[in-house]
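Counting from 1, one number per residue, gives the positions in the sequence shown under full-length UniProt numbering.
We treat Cβ as the ideally placed atom computed from N, Cα and C, and that holds for glycine.
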Amino acid sequence: MQVHFGIEALRPEWEAAVACVGTFDGVHLGHRAVICEAVSIASTREQPCVLVTFDRHPATILRPESQPKLIASLDENLRLFEFLGVAVAIVLTFDQTLSETGATEFLDRVLVGAIRAKALVLGHDFAFGRGREGTPEWLTKRIETHVVGAVEEGGRRVSSSAIRTAISEGRVEDASRWLGRPFEISAVVVPGQKLGKSLGFPTVNLARSIDQVVPADGVYAGRCETPHGVFRAAVSVGVRPAVGGGVRTIEAYLLDYPGKSLYGASVRLELLRRLREERDFESVDDLREQIRLDVERVAASV
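Next up, the structure:
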């Protein structure tokens, strides 16, 4: 998949394209329905599918006081766009100027002018342009427009807000079902206090680079992709009250890890299920025994 940041350097040699537009944070099942419809139409017409998205959530500019935390990084979203068959992804900077751009200008300059879109595919609740003028109803009068309805899973409409709520409440299995894949945290490994090592369970301490939704405090079963392979993981999210913590951390004990240093490495952590809430312990020995039991549960279930 080709990726362009902005349209300034775009010089398309194709005569027509099918475009889909959206924030697509997390690329959940509803987003996938839109993207796959665009890819299918483009394939039938022997044209490229061009996806237009943004470098940040629009609420960062439009509603900074209530902007949502991200479900996934831009890098993860781009990987999923390519997996779904998108030919070209255009990442636009969502700044004050873009937020004030009218729907007519965005359609004429970006979608028709720069991308050469002859057809659009949109979600039923998506609109672009100043004041959300570019609704599906508005667009159908100006360009061929295909509107994809809401997607339901388990009797509930799939939405980014529902997924964020599920993650923040520790219901990662619900979030994963609506995402169509496990909820993922991308991070780099940084030094910690080495408390896990002193307990016999050395952990990798994770530092993220985006304002991502934080899972509820507790212990999770997961998998961690590292430069040395993929390993089952017992993951702790919380403030570690039993060892005098206070700062919320995400750390993971990797089962069967060969022991090579991961400091500075980028890893991807999938959370599969929540095993228990975070709690305090009367002694370090009690904490060590609970960690051993947590690791056994991960070994038996992942």
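Residue j beta carbon less than 8 Å from that of residue i
i: A234; j: V295; result: yes
i: L287; j: F281; result: yes
i: Y220; j: V172; result: yes
i: residue 324; j: Q212; result: This structure does not reach residue 324, given that the chain is present from 1 up to 302, and the question cannot be answered.
i: G192; j: N205; result: yes
i: L78; j: R32; result: no
i: H146; j: V112; result: no
i: G6; j: T53; result: no
i: C49; j: A42; result: yes
i: I61; j: F94; result: yes
i: L272; j: V237; result: no
i: I210; j: L70; result: yes
Given residue i as reference, the closest of the options once Cα atoms are compared
i: R156; options: R109, W178 and L120; result: W178
i: S266; options: E184, A300, R56 and I291; result: E184
i: G26; options: T145, R130 and R164; result: R164
i: V230; options: C20, L10, D256 and G131; result: D256
i: E76; options: L107, A299 and S186; result: S186
i: C224; options: R268, V214 and V188; result: R268
i: A127; options: L29, V302 and E137; result: E137
i: residue 313; options: D285, Y253 and S261; result: With the chain covering 1 to 302 only, the question about residue 313 has no answer from this structure.
i: E153; options: P12, Q67, H28 and A300; result: H28
i: R181; options: G102, R132, F201 and L80; result: L80
Status (buried if at least 16 other CB within 10 Å, exposed otherwise) for residue i
i: R109; result: exposed
i: G222; result: buried
i: G264; result: exposed
i: P258; result: exposed
i: H57; result: buried
i: E15; result: exposed
i: H215; result: Going by the sequence as given, residue 215 is Pro instead of His. It counts as buried.
Residue i - containing beta strand (DSSP E), residue span
i: H146; result: E144 to V148
i: A119; result: A117 to G123
i: L262; result: L262 -> no beta strand (DSSP E), and no H or E assigned at all.
Residue i, enclosing alpha helix (DSSP H) - first and last residue
i: S99; result: Q96 to S99
i: R79; result: L74 to F83
i: T60; result: A59 to L62
i: L29; result: L29 to T44
i: A162; result: S160 to S168
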